[in-house]
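If you want our numbering, it's the 1-based position in the sequence shown plus 543.
Notes to accompany the following structure.
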Amino acid sequence: MDTVELLRDLSQASGVSGREEEVQAIVRKALEPHADDLRTDALGNLIALKKGKRPDGGPLRTIMLAAHADEIGLMVKELDEGFVRFTRVGGVDVRTLLGQEVVVHGLRPLPGIVASRPPHLTAPGEREKVVPLDDLFIDLGIPEERLSKLVRVGDFVTMRRDFLDLAAGRVSGKAFDDRAGVVAVVGCMEALSTMDHQWDVYAVATSQEEVGLRGAMVSAYGIAPDVAIAVDVGFGAQPGVEETESVAMDGGPAIARGPNIHPLMYEGLVATAKKHEVPHQTEIIAGRSGTDAWAIQVTREGIPCGLLSIPLRYMHTSVETVCVRDISRTARLMALFIAGLDEHF
């Protein structure tokens, strides 16, 4: 697997919460060589199964890996004299929207820009403030009489951003939250193809995480795994972010610790990382993690969870930045952990 190329393909695909099918098609193709079964459930989760080789008479044990395929975006709420008014889907930061290139997914994909009135025509007291969402609009360059034939209220809008290679193994683009995690899960499944493992592995590219962890909730209920690992992104160290609230770029996956995480999952992941010299760090999450692990943990009678965070800068913007090595390390750590699971864990 070419980690960078898969991340590039996923980043540049469109998949706002609830419309992840373009992304999931790419994930399906990447997982097919490493899965014994692939299916898509009613909520749009892509679920891949890789069977383990347990001893004769040994109990069936299962582990679920979850990383969300959806991205934050926008939705058309009104056509206003040739311009598109919109609302948010997920945690879009209004500060990042003005001047953004977008794609409106109407009857065909339509490129556009997010705009507002010029600052020259704004009251002096308003010029230093963030432009409110209601004062923004999308300009597609389409005459009013044609716009209504191509765009409908309720159409989704995604950010348009080219994937960018930076220095020192860093890359930048949109929707790395959490397509980077999806790439790590695919990498784990590929690595497991060269390893012996006893447990069955369910790899899930979950849907609708950004609007309420919905895909993780229903897929975990259906699979009912013995344990699970969620893979998401964490706040990479950058100016303006306290050291206690961030994790180091190129420092390996951050292994979460807190009430959302089962102690034995944390200890098992740390022991595996140390044994195999996988760079790693600890992320303290004292309350709600806000990740798929939060939903999985309380599914059915409770599922012991681990959480791995890939360090990422500029979360929920179109220039999210990761170190590719951190994705590969996350994949390797999960594969080694799974290969070490036996019937007594």
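All C-beta atoms in this analysis are idealised placements derived from N, C-alpha and C, irrespective of residue type, glycine included.
Can you tell me which of the three DSSP states residue i falls into?
i, result
"residue 572", "helix"
"residue 792", "coil"
"residue 797", "strand"
"residue 611", "strand"
"residue 808", "helix"
"residue 732", "helix"
"residue 745", "strand"
"residue 719", "helix"
"residue 817", "helix"
"residue 549", "helix"
"residue 591", "strand"
"residue 637", "helix"
"residue 556", "coil"
"residue 753", "coil"
"residue 565", "helix"
Could you check the C-alpha separation between residue i and residue j for me, to the nearest Å?
i, j, result
"residue 746", "residue 590", "6 Å"
"residue 683", "residue 650", "14 Å"
"residue 569", "residue 672", "40 Å"
"residue 732", "residue 871", "12 Å"
"residue 689", "residue 698", "16 Å"
"residue 622", "residue 659", "15 Å"
"residue 749", "residue 758", "5 Å"
"residue 678", "residue 874", "43 Å"
"residue 666", "residue 725", "46 Å"
"residue 657", "residue 694", "16 Å"
"residue 884", "residue 706", "37 Å"
What do you get for residue i, buried or exposed, if any count of 16 or more other CB atoms within 10 angstroms of its CB means buried?
i, result
"residue 767", "exposed"
"residue 686", "exposed"
"residue 847", "buried"
"residue 585", "exposed"
"residue 835", "buried"
"residue 615", "buried"
"residue 827", "exposed"
"residue 889", "Nothing about residue 889 can be read from this structure; the chain reaches only from 544 to 888."
"residue 738", "exposed"
"residue 566", "buried"
"residue 741", "buried"
"residue 691", "exposed"
"residue 823", "buried"
"residue 751", "buried"
"residue 860", "buried"
What whole-angstrom Cβ distance do residue i and residue j have, given they're in contact under 8 Å?
i, j, result
"residue 712", "residue 868", "6 Å"
"residue 855", "residue 865", "5 Å"
"residue 853", "residue 728", "With a Cβ gap of about 11 Å, residue 853 and residue 728 do not count as contacting."
"residue 617", "residue 631", "6 Å"
"residue 560", "residue 754", "5 Å"
"residue 879", "residue 815", "5 Å"
"residue 550", "residue 723", "6 Å"
(message) So within the region 671-701, which uninterrupted alpha helix (DSSP H) runs reach at least 4 residues, ignoring any that extend past its ends?
(response) 687-693
(request) Jot down the residue ranges of each uninterrupted alpha helix (DSSP H) in the region 819-881, minimum 4 residues, whole runs only, in chain order. (result) 835-840
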